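Under full-length UniProt numbering, the first residue of the sequence shown is numbered 1, with each subsequent residue one higher.
The beta carbon of each residue, even a glycine, is placed where N, CA and C say it ideally should be.
On a predicted model such as this, the values are computed, not experimentally measured, just so you know.
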Amino acid sequence: GGGVHDPFDIFSSFFGGARVGGGGGSSRGRRQRRGEDVVHPLKVTLEDLYLGTTKKLSLSRNVLCGKCNAKGSKSGASLKCPSCQGTGMKVTIRQLGPGMIQQMQQPCTGCKGTGETINDRDRCPQCKGEKVVQEKKVLEVHVDKGMQNGQKITFPGEADEAPDTVTGDIVFVLQEKEHTKFKRKGEDLFLEHTLSLTESLCGFQFVLSHLDGRQLLIKSLPGETVKPNSYKGINDEGMPLYQRPFMKGKLYIHFTVEFPDFLSGDQVAALEKILPAKPQTQLTEMEID
Ligand SMILES: [Zn+2]
Ligand SMILES: [Zn+2]
């Protein structure tokens, strides 16, 4: 946090895990505890990822109480918790059997492990001695063109504040909603389209409205046939590339061809006249006496 570039962020993004909790502080030479990161999923449409968008999100978070400077008391004084003598921990001893005891250490419930209490009359009226207050904050999340499902957008140091703690990050994880028309694979888009047999042989055209609302006229070349289960690739009509949005992937159209179930004798005769000749049968028909 604190705007300092942290090389460990690179590793955590490789492994897809959020850095959570106060662990690892000493290895990075930090004396203060590190607060937890807060991770939120953020649902986005394919249109959002194609065009880029800004989402305003209202979140409530704990911030240090300004009235008492996060002391919790009007005077700034605190008392040693009488329940744990200021250690923040309570040791309980259980007799398990003759000569056997179990010793357990737990955070003190009287002071929530802080080791201090505040005199009731000295309690800060703003935070009621909690040292933090809730604040509503609106975050503007910029979703850039070409971002991917699962990509993280981090707001360093915007998680809950707590005394003597380096504030953790708020992390939004993009969740791409399924699109009714387009499927995305990386920078490419895929579209299903069904042609009649006549269209597949004699040419076709159709209008496709793209993710940005543009109407594309998709048509076959003169004389071009389309085989069932084939793809047609269109350059620069896929997704924009992240941080290079002027470059785009490909749009692949996957064709299904609907064949007629049955042809009449006249249709068969007409087709045989214009289509290439059938291969000659190699075997001579056997005659039966
Ligand atoms: Zn205590
Ligand atoms: Zn206060």
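Query raised in the report: For ligand 2, any of its heavy atoms closer than 7 Å to the Cβ of residue 108?
Result: Because no heavy atom of ligand 2 lies under 7 Å away, the Cβ of residue 108 does not count as near it: no.
Query - Coil, strand or helix - residue 143 by DSSP - result: In this structure, DSSP gives residue 143 an extended state, which the three-state scheme calls strand.
Query raised in the report: According to DSSP, is residue 267 helix, strand or coil?
Result: Looking at residue 267 - three-state DSSP - the assignment turns out to be helix.
Query raised in the report: Should residue 145 be labelled buried (16 or more other beta-carbon atoms within 10 Å of its own) or exposed?
Result: Looking at its Cβ environment, which holds 16 or more other Cβ atoms inside 10 Å, residue 145 is buried.
Requested in this report: Kindly list the residues whose CB is nearer than 7 Å to the CB of residue 87, restricted to its own chain and excluding five residues on each side of it in sequence; keep chain order.
Outcome: When the five nearest sequence neighbours on each side are left out, the beta carbons in the same chain lying within less than 7 Å of the beta carbon of residue 87 are those of 115, in order along the chain.
Query raised in the report: Any residues whose CB sits closer than 5 Å to a heavy atom of ligand 2? List them in chain order?
Result: So the residues near ligand 2 by this Cβ test are 65, 67, 68, 124, 126 and 127.
**Report entry** Paired residues, beta bridge with residue 40 - DSSP
**Finding:** Per DSSP, 172.
Requested in this report: Give the C-beta separation of residue 43 and residue 215 to the nearest angstrom, bearing in mind that I take them to be a contact with Cβ-Cβ under 8 Å.
Outcome: Under the criterion of beta carbons closer than 8 Å, residue 43 and residue 215 do not qualify as touching, at roughly 27 Å.
Query raised in the report: Would you report the Cα separation of residue 226 and residue 204, rounded to the nearest angstrom?
Result: The alpha-carbon atoms of residue 226 and residue 204 are separated by roughly 9 Å.
Query raised in the report: residue 128 by DSSP, collapsed to three states: which one?
Result: Residue state, collapsed to three classes: coil.
Query raised in the report: Taking the alpha carbon of residue 232 as the point to measure from, which residue in 102, 193 and 241 has its own alpha carbon closest?
Result: Distances from the alpha-carbon of residue 232 to those of 102, 193 and 241 put 193 closest.
Query raised in the report: Nearest to residue 160 by alpha carbon, out of 142, 274 and 137?
Result: Among 142, 274 and 137, the Cα nearest to that of residue 160 is on 137.
Report task. In angstroms with no decimal places, state the Cα-to-Cα distance between residue 156 and residue 246. Result -> Approximately 29 Å between the Cα atoms of the pair.
Requested in this report: Within 10 angstroms of the Cβ of residue 81, are there 16 or more other Cβ atoms? Answer buried if so, exposed if not.
Outcome: So residue 81 counts as buried.
**Report entry** Nearest-angstrom Cα separation, counted from residue 90 out to residue 292
**Finding:** Residue numbering for the chain in the displayed model covers 1 to 289; residue 292 lies beyond these limits and cannot be assessed.
Query raised in the report: Unbroken alpha helix (DSSP H) runs of length 4 or more, entirely within the region 161 to 247: which are they?
Result: Every unbroken stretch of the alpha helix (DSSP H) spanning 4 or more residues and falling wholly within the region 161 to 247 is given here in chain order: 197 to 202.
**Report entry** Same chain only: Cβ atoms within 6 Å of residue 234, ignoring 5 sequence neighbours per side
**Finding:** Counting only Cβ-Cβ distances below 6 Å, and skipping sequence neighbours, we find 251.
Query - Boundaries (first-last residue) of the alpha helix (DSSP H) holding residue 158 - result: Bounds of any alpha helix (DSSP H) do not take in residue 158, whose DSSP letter is neither H nor E.
Report task. Under 6 Å Cβ to Cβ from residue 228, same chain only, skipping five residues before and after it: list those, please. Result -> Here residue 228 has 257 as same chain residues with Cβ atoms under 6 Å from its own Cβ, once five neighbours each way along the sequence are excluded.
**Report entry** Inter-residue spacing [alpha-carbon to alpha-carbon] between residue 275 and residue 217
**Finding:** Using only the alpha carbons, I get a separation of about 29 Å.
**Report entry** Of the listed residues 198, 139 and 149, nearest to residue 260 (C-alpha basis)
**Finding:** Per the Cα distances, 198.
Query raised in the report: Who are the Cβ neighbours of residue 103 in its own chain at under 7 Å, not counting the five residues just before and after it?
Result: Excluding sequence neighbours, residue 103 sits near 91 and 93.
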